Amino acid sequence: MIEINDVSKSFYGKHNAINRLNLVIPDGKIVGFLGPNGAGKSTTIKMMTGILPIDVGTIKLNGLDIEKQPLEAKKVFGLVPDQPDMFLRLKGIEYLNFIGNIFNVPSDIRKERIEYFTKQFSIYEALEDYIQTYSHGMRQKMIVTGVLIHDPAIWILDEPLTGLDPKSAYILKEMMRNHADKGNTVFFSSHGLEVVEQLCDAVAIINKGKLIFYGNMEELRAQYQSDQSLEKVFLELTSDE
Amino acid sequence: MNNTWLLMKTMLKMQFSNPENKKSHIWFYVISFIFLLPLSVIYISFINRFIHSLYSGLQPFGQESVLLGILFLSIHILLFIMSFVSVLSAFYFADDIQSYIPFPFQAYQLLLGKATLPFLYLYVTAAIVYLPAFFSYGSASGGSLPYYLYGISLFLLIPIIPFSVAAIILMFMMRFVNIAKNKDRSKIIAGIASFLFIILINVLIRLNADSTKMIDELTVLLKNQDGLLNMVTAFYPPAYLSARTLNEAESWIGLFFFIMIIVLTVGALLLFATMGQLFYLKGVLGVNSGRKRKMSGQKIQRRMKSRPVWLSYMKKELRVIFRTPTFLMQCVVQGLLGPIFIVVILLFDFGTGFQADFLGSLSDKQYVLLLFITSFIIISTNVTPISSFSREGKTWYSNLYLPLDPKQVLFSKIAASWLINLFVISLFLILALLVRIPFDAVLIWLVIILTGSWLASSVGTYLDLLKPKLDWTDEQELFKGRLIGLIAFLFEGGLFGIITFVLWRTERIQTMYGISIILLGSLFICIFIVNKLFNKKMRNNAFQQL
Numbered sequence: 001m002i003e004i005n006d007v008s009k010s011f012y013g014k015h016n017a018i019n020r021l022n023l024v025i026p027d028g029k030i031v032g033f034l035g036p037n038g039a040g041k042s043t044t045i046k047m048m049t050g051i052l053p054i055d056v057g058t059i060k061l062n063g064l065d066i067e068k069q070p071l072e073a074k075k076v077f078g079l080v081p082d083q084p085d086m087f088l089r090l091k092g093i094e095y096l097n098f099i100g101n102i103f104n105v106p107s108d109i110r111k112e113r114i115e116y117f118t119k120q121f122s123i124y125e126a127l128e129d130y131i132q133t134y135s136h137g138m139r140q141k142m143i144v145t146g147v148l149i150h151d152p153a154i155w156i157l158d159e160p161l162t163g164l165d166p167k168s169a170y171i172l173k174e175m176m177r178n179h180a181d182k183g184n185t186v187f188f189s190s191h192g193l194e195v196v197e198q199l200c201d202a203v204a205i206i207n208k209g210k211l212i213f214y215g216n217m218e219e220l221r222a223q224y225q226s227d228q229s230l231e232k233v234f235l236e237l238t239s240d241e
Numbered sequence: 242m243n244n245t246w247l248l249m250k251t252m253l254k255m256q257f258s259n260p261e262n263k264k265s266h267i268w269f270y271v272i273s274f275i276f277l278l279p280l281s282v283i284y285i286s287f288i289n290r291f292i293h294s295l296y297s298g299l300q301p302f303g304q305e306s307v308l309l310g311i312l313f314l315s316i317h318i319l320l321f322i323m324s325f326v327s328v329l330s331a332f333y334f335a336d337d338i339q340s341y342i343p344f345p346f347q348a349y350q351l352l353l354g355k356a357t358l359p360f361l362y363l364y365v366t367a368a369i370v371y372l373p374a375f376f377s378y379g380s381a382s383g384g385s386l387p388y389y390l391y392g393i394s395l396f397l398l399i400p401i402i403p404f405s406v407a408a409i410i411l412m413f414m415m416r417f418v419n420i421a422k423n424k425d426r427s428k429i430i431a432g433i434a435s436f437l438f439i440i441l442i443n444v445l446i447r448l449n450a451d452s453t454k455m456i457d458e459l460t461v462l463l464k465n466q467d468g469l470l471n472m473v474t475a476f477y478p479p480a481y482l483s484a485r486t487l488n489e490a491e492s493w494i495g496l497f498f499f500i501m502i503i504v505l506t507v508g509a510l511l512l513f514a515t516m517g518q519l520f521y522l523k524g525v526l527g528v529n530s531g532r533k534r535k536m537s538g539q540k541i542q543r544r545m546k547s548r549p550v551w552l553s554y555m556k557k558e559l560r561v562i563f564r565t566p567t568f569l570m571q572c573v574v575q576g577l578l579g580p581i582f583i584v585v586i587l588l589f590d591f592g593t594g595f596q597a598d599f600l601g602s603l604s605d606k607q608y609v610l611l612l613f614i615t616s617f618i619i620i621s622t623n624v625t626p627i628s629s630f631s632r633e634g635k636t637w638y639s640n641l642y643l644p645l646d647p648k649q650v651l652f653s654k655i656a657a658s659w660l661i662n663l664f665v666i667s668l669f670l671i672l673a674l675l676v677r678i679p680f681d682a683v684l685i686w687l688v689i690i691l692t693g694s695w696l697a698s699s700v701g702t703y704l705d706l707l708k709p710k711l712d713w714t715d716e717q718e719l720f721k722g723r724l725i726g727l728i729a730f731l732f733e734g735g736l737f738g739i740i741t742f743v744l745w746r747t748e749r750i751q752t753m754y755g756i757s758i759i760l761l762g763s764l765f766i767c768i769f770i771v772n773k774l775f776n777k778k779m780r781n782n783a784f785q786q787l
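Line order of the protein sequences matches chains V and S. Each residue of the first sequence is one higher than the one before, counting from 1 in my numbering. Each residue of the second sequence is one higher than the one before, counting from 242 in my numbering.
In structure tokens:
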């Protein structure tokens, strides 16, 4: 479970990037996080994962406060950032081994998971190559595999499907569904409204740092003229007026 | 032409841009200026006295022109060596070229754009080395207006030939090196080969300097007007022509030599542009692809070794340094150049005579102090610690969401720098054994320098934590225009330079054990203070503030 309680964040003491955000993402659910560019999605994810300090409020991941118990809290989630261009000078296998060491994954389980997930994502044969030589999609899959090998209870994914080929996107969506069905939490940001519509149990919409809607699709449609598509509802919700 | 100018401006901006606020940087410059001003006055007056005394010594024999020959020859050699390093970095190791290639630029335009920054550095070096000596010679010889006019014009021409020659050699080499599939590895091999080439030139120059033969030749040459100048610059026409231009500034012959040097310079520039058009892009556009290797469960099994986090992180740091050509050159290879040159100088210049005369006169205490301060100063110029955080660039945030204890990250980063310093220390160890410094003195130095290396790594890492440069687009930018390297050097070299000086001069402590206790004590106190500073930063979540 992710609990975001009254969180605010401003940059340079002026601009309120996040304004008193409250959000609870329960276990067993996939929650999509929507908002136009600059709405505060990435800032929220960065605060949830300890990349940015929180000005006001608290964020708990499975009951662990990200600011007070950072190391323990970071062990319960896995993050797929929006930019997979990292650890480029490592080989794929070295990166996964590095992650395995950080999360203390036993060697035999590590091996089993690496083999399974890299074969699923068709990057098994590229494991001995430098990540620098991978395409954007392959890098994305490598980062996703890095999350999967330590099997965290909470998945936080920032635009996870960008750059993935249809087969890999399908596999990842299936994995997200299975993970949530096992009673875990999946939270992901996306600009792909149809993916959110098709996959999520609930959707949180943020604009100008404020949560403007949180609920399931039915509730969303009920609130904003039932026959409209999510795209239209989204545009209406996030328009400047 | 507009495109070339635009490209030059953009490339320069990219190298020096710093999106952070600039006010704090001004202070760095002000402090550096205050510090460097008295040093430059001392330097200029030293050069002036030196040139004046040599001039008055050589002038009665009609051989004063050799000073100009030596000046031009040495500045050309220095700029050639510098060009080698900077061409390699700017033309080949910097990946930013990839982003310019899709634009409709000619290869020569890209080359000129890329050459701007190295040229800037060459002019700064030329100004520091050439101008004081040139003006001193002018005042000693009562130089006329044409002398100064020619001299200033030559200053503008000086960097072109050494730069063009170095660039042509490298472009030719890289054209073939990049055929190899792994571009990074090829770049590293070519880079190291270039450094070896520079060292080889140094060795050859020294081997050819046969002192007994030279004395015989000198007596003959001294009988002819400007005989020495002819000898010194015999194998290098640009130095000969430049020196003769200044020497004959008042006559038409001076003008003739000046025209000759202009022709030579333009020729070098044209050759550089032509070779660039032919070879440059072919050398840059290597395919950076790995070899596809068959994977198997057994292979993965072999790779699966559970390691402590600090060790795994340190290995990651070292892998990144050794596999990134720019990092390898800046952090490892350049640090080795200093000690290698010392070895070359000792082996070829002085041989056993040096050992007997100078080293033989030193006490054990002085051996330890001499070894310590030279090795410590070289270590304190290493850029590995001052780039500990900056090397991560925009991906620094990955350290924040992973469950990494900041203290472990710090320890691993300092340990990685410390391990890299072992290369320099090993070279000094070889050097110490070569010149037969007593074994117990070497052993004591080793303990002190290993501790000193930890301090240097910690100080550099701390300074980088205070002022990291994460917002770079190309690895080259990371090492440009950063003053924290100078600060680290001034702090470490200055503080321990004073301590060494005091210990050298004091008569109260004569044993090497006595001074080693003082040195080790000082180092441990400094390490303790830096640790305290780290702890304070950690309590304020320094990692999140980067």
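All C-beta atoms in this analysis are idealised placements derived from N, C-alpha and C, irrespective of residue type, glycine included. Only a predicted model underlies this, so the values are computations on that prediction, with no experimental measurement involved.
One or two residues paired with G209/V in a DSSP bridge
What you label residue 209/V is simply residue 209 of the first sequence in a count that begins at 1. In the DSSP output, where bridge partners are listed per residue, G209/V has none listed.
Under DSSP, the beta strand (DSSP E) around E3/V begins and ends at which residues?
The count along the first sequence starts at 1 and reaches residue 3/V at position 3. I2 to F11 is the extent of the beta strand (DSSP E) around E3/V.
Boundaries of the alpha helix (DSSP H) in which T49/V is found, first to last residue:
The count along the first sequence starts at 1 and reaches residue 49/V at position 49. Looking at the DSSP string, T49/V is not in any alpha helix (DSSP H), and its letter there is neither H nor E.
H179/V versus I671/S: straight-line alpha-carbon distance, rounded:
As a working mapping, residue 179/V is identified with position 179 in the first sequence. As a working mapping, residue 671/S is identified with position 430 in the second sequence. In a straight line, the C-alpha of H179/V is about 59 Å away from that of I671/S.
Closest by C-alpha distance to H150/V, when choosing among L79/V, D6/V, I45/V and T133/V:
By one-based count along the first sequence, residue 150/V stands at place 150. Of L79/V, D6/V, I45/V and T133/V, the residue nearest in Cα terms is L79/V.
Beta carbon proximity, E3/V to chain S, threshold 7 Å:
Residue numbering aside, residue 3/V sits at position 3 when the first sequence is read from its first letter. So no, E3/V is outside the interface.
Residues in the same chain with beta-carbon distance under 8 Å from F98/V, minus the five sequence neighbours each way, listed in chain order, please.
Indexing the first sequence from 1 puts residue 98/V at position 98. Correct list, in chain order: F87 and L90.
Measuring alpha carbon to alpha carbon, tell me which residue in V233/V, S10/V, N207/V and W155/V is nearest I25/V.
Residue mapping note: residue 25/V aligns to position 25 of the first sequence, counting from 1. Out of V233/V, S10/V, N207/V and W155/V, W155/V has the C-alpha closest to the C-alpha of I25/V.
According to DSSP, what are the bridge partners of K91/V?
Here residue 91/V refers to the residue found at position 91 when the first sequence is read from its first residue. According to DSSP, K91/V bridges with Y130/V.
Where T565/S falls: helix, strand or coil (DSSP)
By 1-based counting over the second sequence, the position of residue 565/S is 324. Secondary structure at T565/S: coil, using DSSP grouped into helix, strand and coil.
Using Cβ-Cβ distances below 8 Å, what residues of the segment 38-50 of chain V are close to chain S?
K46, T49 and G50
Among all the DSSP beta bridges, which residues are the ones paired with A204/V?
Along the first sequence, read from residue 1 onward, the residue named residue 204/V stands at position 204. DSSP lists F33/V and Y214/V as partners of A204/V.
Is the shortest distance between the beta-carbon of F98/V and the beta-carbons of chain S less than 7 Å?
Residue mapping note: residue 98/V aligns to position 98 of the first sequence, counting from 1. Closer than 7 Å to some Cβ of chain S, the Cβ of F98/V qualifies, so yes.
Cβ-based contacts, 7 Å cut-off: residues of the segment 622-645 of chain S near chain V:
T636, Y638, S639, L641, Y642, L643, P644 and L645
Length of the line joining the Cα atoms of L308/S and T615/S
Position 67 of the second sequence, counted from the first residue, corresponds to residue 308/S. Position 374 of the second sequence, counted from the first residue, corresponds to residue 615/S. Distance between the alpha carbons of L308/S and T615/S is about 30 Å.
Assign P549/S to buried or exposed, taking buried as 16 or more other Cβ atoms, counted over all protein chains shown, within 10 Å of its Cβ.
Walking along the second sequence from the start, residue 549/S turns up at place 308. So P549/S ends up on the exposed side.
Considering only the alpha carbon of each residue, which of I728/S, M414/S and I292/S lies closest to F274/S?
For the purposes of this step, residue 274/S is taken as residue 33 along the second sequence, with counting starting at 1. Of the candidates I728/S, M414/S and I292/S, the one whose C-alpha sits nearest the C-alpha of F274/S is I728/S.
Distance, Cα to Cα, T593/S vs V676/S?
For this step, residue 593/S is matched to residue 352 along the second sequence. For this step, residue 676/S is matched to residue 435 along the second sequence. Confidence at T593/S is low in this model, with a pLDDT of 46, below 50, so its placement is unreliable and the value that follows should be read with caution. Distance between the alpha carbons of T593/S and V676/S: 8 Å.
Chain S contact for M243/V (CB, 7 Å cutoff)
Nothing can be reported for residue 243/V: it is not among the residues displayed for chain V, which extend from 1 to 241.
D65/V by DSSP, collapsed to three states: which one?
Mapped onto the first sequence, residue 65/V falls at position 65. D65/V falls in the strand class under three-state DSSP.
Examine the Cβ distances between the segment 371-379 of chain S and the segment 341-357 of chain S and report whether three or more of them are shorter than 8 Å.
no
When the cut-off is 7 Å and only beta carbons count, does N101/V lie next to chain S?
Reading the first sequence from its first residue, position 101 is the one you call residue 101/V. Yes, because at least one Cβ of chain S sits closer than 7 Å to the Cβ of N101/V.
Compute the Euclidean distance between the alpha carbons of V771/S and L696/S, then round it to the nearest angstrom.
Here residue 771/S refers to the residue found at position 530 of the second sequence. Here residue 696/S refers to the residue found at position 455 of the second sequence. Going from the Cα of V771/S to the Cα of L696/S covers about 8 Å.
If you draw a straight line from the C-alpha of P106/V to the C-alpha of E115/V, how long is it?
Residue 106/V sits at position 106 when you count from the first residue of the first sequence. Residue 115/V sits at position 115 when you count from the first residue of the first sequence. Whole-angstrom Cα-Cα distance: 14 Å.
Pull the bridge partners of T185/V from the DSSP assignment, please.
Numbered from 1 along the first sequence, position 185 holds the residue referred to as residue 185/V. Bridge partners of T185/V: I154/V.
Does R113/V have its Cβ less than 7 Å from a Cβ in chain S?
Reading the first sequence from its first residue, position 113 is the one you call residue 113/V. It does not: the Cβ of R113/V has no partner Cβ on chain S nearer than 7 Å.
Which stretch, first to last residue, makes up the alpha helix (DSSP H) that contains F476/S?
The residue given as residue 476/S occupies position 235 in the second sequence. Here F476/S belongs to no alpha helix (DSSP H), and DSSP marks it neither H nor E.
With a threshold of 6 Å, establish whether the CB of S385/S neighbours any heavy atom of the ligand ADP.
With respect to the ligand ADP, the structure offers nothing, as it holds no ligand at all.
Can you give, in chain order, each stretch of the alpha helix (DSSP H) that sits fully within the segment 702-726 of chain S and has at least 4 residues?
none
Run the CB neighbour count on P81/V, radius 10 Å, all protein chains shown included, and call it buried at 16 or more, exposed below.
For the purposes of this step, residue 81/V is taken as residue 81 along the first sequence, with counting starting at 1. Flag for P81/V reads buried.
Beta-carbon within less than 7 Å of F520/S's beta-carbon, same chain only, minus the 5 sequence neighbours each way: which residues are those?
If you number the second sequence from 1, residue 520/S lands on position 279. Cβ-Cβ distances below 7 Å link F520/S to M412, F413 and R416 in the same chain, with the five nearest sequence neighbours on each side left out; the list follows chain order.
Please classify R290/S: does DSSP put it in a helix, a strand, or coil?
What you label residue 290/S is simply residue 49 of the second sequence in a count that begins at 1. DSSP places R290/S in helix when its eight states are reduced to three.
Can you tell me whether F77/V is helix, strand or coil according to DSSP?
Position 77 of the first sequence, counted from the start, is the residue given in the question as residue 77/V. Three-state DSSP puts F77/V in a strand.
Measuring straight from C-alpha to C-alpha, what distance separates L736/S and T622/S?
For the purposes of this step, residue 736/S is taken as the residue at position 495 of the second sequence. For the purposes of this step, residue 622/S is taken as the residue at position 381 of the second sequence. If I take the Cα positions, the gap works out to 14 Å.
Which term fits Q339/S, buried or exposed, when burial requires 16 or more other beta carbons within 10 angstroms of its beta carbon?
Taking the first residue of the second sequence as 1, we reach residue 339/S at position 98. Per the 10 Å Cβ criterion, exposed.
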